[in-house]
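All the letters of the sequence shown, read from the start, carry residue numbers 0 to 159 under numbering that gives the first Met the number 0. The beta-carbon is built from N, C-alpha and C at its ideal position, and this holds for glycine as well. In what follows, a structure is listed as structure tokens, so that the remarks can point back to it.
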Amino acid sequence: MKIVAIKTVVLVLALISLAAGAQPPAGKAMPGTIYGAKTDKSNFVEAIKIPEMLKEKDTISVKVKAKVLDACAAKGCWMTLKINDTTEAMVKMKDYGFFVPQDIIGKTVVVEGKSYIKTTSVSELKHYAEDAKKPQAEIDAITRPEKQVRFMARGILVVE
């Protein structure tokens with residue numbers, strides 16, 4: 000009986016620590032703040048150049064400067080960047096090793112990592128829309144998979 004009680008306590012503590020860890024970081028996304036691996040603003044590429052670069056290779060290692068359009072409200076585990084007037088890029092954090100605060104929306108960042116094109120399923124698109132707390136009508140309007148520019152970020156630096 001004691002072993003069952005100990006296992007239950009350990010399980011409860013593990014679940015609590017996971018829930019506590021699944022929160023966006025505290026504090027504001029101020030210029031100079033780095034999330035994930037250390038990076039800087041040297042040798043970045045403007046976001047508008049990424050689609051053309053991805054025509055030459057399937058995956059590129061890149062440091063890109065772009066404006067953040069949205070971020071996961073639940074725990075900051077993804078964000079979207081403005082590539083140009085008609086294209087956005089989905090950014091996920093490598094190995095879910097770090098998160099970003101909600102107030103990163105509207106900031107300009109340098110993202111260092113890998114970029115590629117991915118066809119995103121309807122269910123995944125709806126999941127992201129739910130995470131972003133989009134209206135139900137907007138979520139219901141998602142009916143087709145979508146090709147997206149993606150980033151797997153190692154590090155993110157807030158620059159503006």
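Per DSSP, D102 has no beta bridge partner at all. At a cut-off of 4 residues, the continuous stretches assigned as alpha helix (DSSP H) that sit fully inside the segment 27-110 are 49-55. When DSSP reads this structure, K146 sits in a beta bridge with T118. By the CB criterion at 8 Å, V157 and P30 fall inside the cutoff.
Contact check between the segment 75-93 and the segment 53-60: fewer than three CB pairs, one atom from each, fall below 8 Å, which does not count as touching.
In terms of CA proximity to G112, V63 leads the group Q147, A136, V63. One Cα belongs to A131, the other to A72, and the distance between them is close to 6 Å. Here T58 is exposed: its Cβ has fewer than 16 other Cβ atoms, across all protein chains shown, within 10 Å. Proximity to G105 across L80, K91, D94, K125 peaks at L80, based on C-alpha coordinates.
Taken through DSSP and simplified to helix, strand or coil, K113 comes out as strand. The three-state secondary structure of A140, taken from DSSP, is coil.
For E159, same chain residues with a beta-carbon under 7 Å away, outside a window of 5 residues either side, are P30, K106, T107 in chain order.
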